[in-house]
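Asker: Once you've had a glance at the structure underneath, I'll fire off some questions.
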């Protein structure tokens with residue numbers, strides 16, 4: 001007992017610097033993720049995922065419900081325990097992403113330390129904590145943050161396996177690969193990238209069969225991952241995974257004769273997103289880190305310690321370019337799994353910029369903090385206090401704050417409707433059958449005695465008929481509903497963010513439908 005205690009004390013003393021650094025990073029992480037977590041309006045996909053989780057919780061036989069829309073269910077399964085202890089469903093969903101982001105921070109820190117050193121781990125971790133790209137999406141109930149977490153740890157264990165040929169490491173790698181695929185189907189790319197970790201493999205003093213062992217252990221990991229993936233066959237809509245992929249991805253045949261479309265438009269998108277979501281100082285650090293790794297490998301004839309950095313570079317950039325080449329729908333969050341890996345390279349780039357200033361004590365550290373932190377922290381301040389004022393890219397702002405995909409006031413509307421339903425039967429019509437409406441309202445009326453009827457932009461006959469015998473309301477987007485029907489009374493209106501192009505401002509509106 002005493003020996004074990006003494007051993008743990010020695011461990012903490014030996015690693016006290018690393019532990020202290022990580023505790024500071026963890027504190028900063030939660031300070032930039034938790035405040036005002038439900039301030040930002042609910043996004044369409046958030047509403048869908050949270051509603052699916054609620055349905056699965058209520059009816060376990062529907063545990064594969066997300067397959068009906070070609071989605072994998074792990075994120076929804078993981079949300080269920082939080083829904084049991086947290087009353088606000090939006091808060092529960094977003095907390096899951098916060099926890100996923102913290103898992104990613106752990107991966108960034110330990111992977112940076114493994115392939116470079118503790119200094120790089122500090123800078124990479126700090127950049128992950130403050131980069132608006134990660135802050136923004138770690139605060140939303142979207143699957144991409146969870147996929148990002150699994151991806152960073154897949155890279156960690158893939159590199160570890162090349163250094164230590166052990167069955168337990170390959171098994172853990174397999175579980176992570178499987179979990180990534182169960183989170184989102186693009187996680188499958190990690191299986192195809194696994195052989196690229198061979199770049200970090202060294203045969204010297206490993207024996208004749210070392211490479212064969214590595215390939216066998218890869219096989220073990222892939223078999224475990226595919227076994228986990230095939231759990232989805234238990235669901236009745238497994239075929240939807242492949243059929244829905246066609247809605248999002250161009251096939252190579254479709255791109256014959258136009259190979260640069262959609263590459264060039266997507267490159268323009270990235271050239272808009274990255275400077276804003278990284279901020280220029282961090283983006284330049286990423287570029288410098290990439291340049292240093294590439295030229296370092298060239299100087300070392302692709303044999304030196306930078307090979308591990310090469311693995312990270314490959315794992316970050318190949319999915320990035322595949323997305324640019326083949327995706328039909330292209331948004332910043334689809335690139336999120338590559339961002340922590342790029343920030344590791346940025347942290348490495350920062351450490352290589354520090355030595356020229358080392359002649360003055362503490363100047364390098366202070367200089368880098370002054371250069372790197374102000375712009376991200378200003379951006380993050382707006383995300384935490386007034387997210388509609390944050391300098392987001394145009395398309396991201398439109399989708400998350402201005403258009404029909406942004407849901408405002410649903411919690412308040414739900415409270416109003418629940419109060420009315422205490423005295424009489426209430427029917428609520430919504431503009432839409434799937435997405436922000438009605439799912440954004442459903443999550444707050446999960447157990448309420450309220451009937452919700454989906455409609456198209458115009459009010460359905462069913463809603464009109466319900467108004468003859470019941471207290472009936474209709475909820476929709478003002479721009480879409482304006483002038484489309486009469487015989488209603490406006491009860492409440494929740495304005496959305498003002499469009500920056502000067503076009504008409506939208507709002508969520510609540511009408512009472514008269515008999």
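Numbering (the UniProt record's numbering), first residue to last: 1 to 515.
Using N, Cα and C, we set each Cβ at its ideal position, and we do this for glycine too.
1) Using a Cβ-Cβ cutoff of less than 6 Å, which residues in the same chain neighbour residue 68 once the five nearest sequence positions on both sides are dropped?
2) What residues in its chain sit with their C-beta under 8 Å from that of residue 514, if we drop five residues either side in the sequence?
3) Mapping the DSSP letters down to three states, classify residue 507 as helix, strand or coil.
4) Can you check DSSP and say which residues form a bridge with residue 475?
5) Taking all protein chains shown into account, decide if residue 71 is buried (16 or more other Cβ within 10 angstroms of its Cβ) or exposed.
6) Just the C-alpha distance for residue 497 and residue 452, rounded to the nearest angstrom, thanks.
7) Over what stretch of residues does the alpha helix (DSSP H) that includes residue 465 continue unbroken?
8) Roughly how many whole angstroms lie between the Cα atoms of residue 249 and residue 230?
9) Tell me the rounded alpha-carbon separation between residue 244 and residue 309.
10) Beta strand (DSSP E) containing residue 491: first to last residue?
11) Evaluate the contact criterion for the stretch 126-146 versus the stretch 376-383: three or more CB pairs, one atom per stretch, below 8 Å.
12) Taking the C-alpha atoms as reference points, what is the distance between residue 293 and residue 55?
13) Nearest-angstrom Cα distance between residue 194 and residue 339?
14) Give the DSSP bridge partners of residue 249, in chain order.
15) Please determine if the stretch 205-212 and the stretch 38-54 are in contact, where contact requires at least 3 C-beta pairs separated by less than 8 Å.
16) Check the DSSP bridge columns for residue 406 and list the partner residues they point to.
17) Apart from the five residues just before and just after residue 144, which ones in its own chain have a Cβ nearer than 8 Å to its Cβ?
18) Might you give, ordered along the chain, the residues of its own chain that have their beta carbon closer than 6 Å to the beta carbon of residue 512, omitting 5 neighbours on each side?
19) Between residue 450 and residue 417, how many whole angstroms is the CB-CB distance? I'm expecting something under 8 Å.
20) At what residues does the alpha helix (DSSP H) containing residue 455 begin and finish?
21) Sort 412, 386, 508 and 343 by Cα distance to residue 107 and report the nearest one.
22) Is the number of C-beta pairs between the stretch 158-169 and the stretch 382-396 that are closer than 8 Å three or more?
23) Where does residue 66 sit, in a helix, a strand or coil, going by DSSP?
24) How far does the alpha helix (DSSP H) with residue 210 in it extend, from its first residue to its last?
25) In its own chain, which residues sit with a C-beta less than 7 Å from the C-beta of residue 477, not counting the 5 before and 5 after it?
26) Classify residue 190: buried if its beta carbon has 16 or more other beta carbons within 10 angstroms, exposed otherwise.
Answerer: Quick answer:
1) 237
2) 467, 487, 488 and 489
3) strand
4) 430 and 510
5) buried
6) 27 Å
7) 461-466
8) Their backbone Cα atoms lie some 22 Å apart in a straight line.
9) 35 Å
10) 488-495
11) yes
12) One C-alpha to the other measures close to 48 Å.
13) 18 Å
14) 327
15) no
16) 43
17) 137, 184, 333, 334, 336 and 337
18) 473, 489 and 491
19) About 6 Å separates the CB atoms of residue 450 and residue 417; that is less than 8 Å, so the two are in contact.
20) Taken as a continuous stretch (DSSP letters only), residue 455 belongs to no alpha helix (DSSP H), being part of the beta strand (DSSP E) at 450-455.
21) 343
22) no
23) Looking at residue 66 - three-state DSSP - the assignment turns out to be helix.
24) 210-229
25) 404, 431, 506 and 508
26) buried
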